[in-house]
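Residue numbers are given in full-length UniProt numbering: position 151 of the sequence shown equals residue 151, and the series is strictly consecutive.
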Amino acid sequence: MPDLERNKKELSFGRRLARLGAAWRRQVDHDLREYGLTEATWRPVLYLGLLPPPVRQTDLVRVLEIEAPSVARLLDVLERRDLVFRSPDHEDKRSKLVSLTEKGERTARQVRHAVEAVSSRLLHGISTPELLACYSVFERIEANLCKKPAQPPHTVALR
Numbered sequence: 001m002p003d004l005e006r007n008k009k010e011l012s013f014g015r016r017l018a019r020l021g022a023a024w025r026r027q028v029d030h031d032l033r034e035y036g037l038t039e040a041t042w043r044p045v046l047y048l049g050l051l052p053p054p055v056r057q058t059d060l061v062r063v064l065e066i067e068a069p070s071v072a073r074l075l076d077v078l079e080r081r082d083l084v085f086r087s088p089d090h091e092d093k094r095s096k097l098v099s100l101t102e103k104g105e106r107t108a109r110q111v112r113h114a115v116e117a118v119s120s121r122l123l124h125g126i127s128t129p130e131l132l133a134c135y136s137v138f139e140r141i142e143a144n145l146c147k148k149p150a151q152p153p154h155t156v157a158l159r
């Protein structure tokens with residue numbers, strides 16, 4: 001690929017990836033609308049269903065990648081809907097433990113089913129080698145994100 005074409009692809013790659021991620025989540029939102037769930041509510045339920053219970057609220061903050069006060073408000077909503085309950089963390093008095101209720105576990109299964117159905121629809125026609133290649137690219141990008149940024153070269157001030 002000529003340098004100019006690569007530069008164009010590099011410049012649009014992040015935007016396109018973000019747009020695809022948002023569109024993917026909108027598809028899940030659409031499928032879960034009948035259950036009264038939005039991305040704000042189905043994502044915590046999904047992660048609580050995937051992680052071994054109970055989950056520290058601070059760990060949920062990390063996995064959701066949103067601010068702690070926002071997670072606290074989301075959990076308030078989910079508690080009122082009888083999907084989760086919080087209990088004290090005896091190992092860390094500053095933290096709460098979050099678990100799914102029975103209704104929350106049923107909802108988590110519905111969310112997982114919706115996520116799997118959307119994944120199946122959107123990945124239709126993509127071969128296993130193509131999917132593995134995509135994962136390989138994601139892994140390299142994630143590794144690059146973990147690297148410490150290179151320091152810019154020092155410039156010498158002219159006198």
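We treat Cβ as the ideally placed atom computed from N, Cα and C, and that holds for glycine.
Between residue 115 and residue 78, the beta carbon gap of about 17 Å keeps them out of contact (Cβ cut-off 8 Å).
Two segments are said to touch when three or more pairs of C-beta atoms, one from each, lie closer than 8 Å; by this definition the region 28-36 does not touch the region 63-70. DSSP places residue 74 in the uninterrupted alpha helix (DSSP H) bounded by 68-80.
If you check the CB distance, residue 24 and residue 118 come in under 9 Å. Per the Cβ contact rule, the region 45-58 is not in contact with the region 129-144 (fewer than 3 Cβ pairs under 8 Å).
Shortest Cα-Cα distance from residue 108 to any of 47, 61, 5, 15 involves 47. In this structure, 99 is the residue among 99, 89, 88 with its C-alpha nearest to the C-alpha of residue 82. By the beta-carbon neighbour count (other beta carbons within 10 angstroms, threshold 16), residue 96 is buried. Note on the UniProt domain "HTH marR-type" (10-143): whole beta strand (DSSP E) runs with a minimum of 3 residues are 84-88, 96-100, in chain order. Within the model, the alpha-carbon separation for residue 129 versus residue 120 is close to 16 Å. Secondary structure at residue 147: coil, using DSSP grouped into helix, strand and coil.
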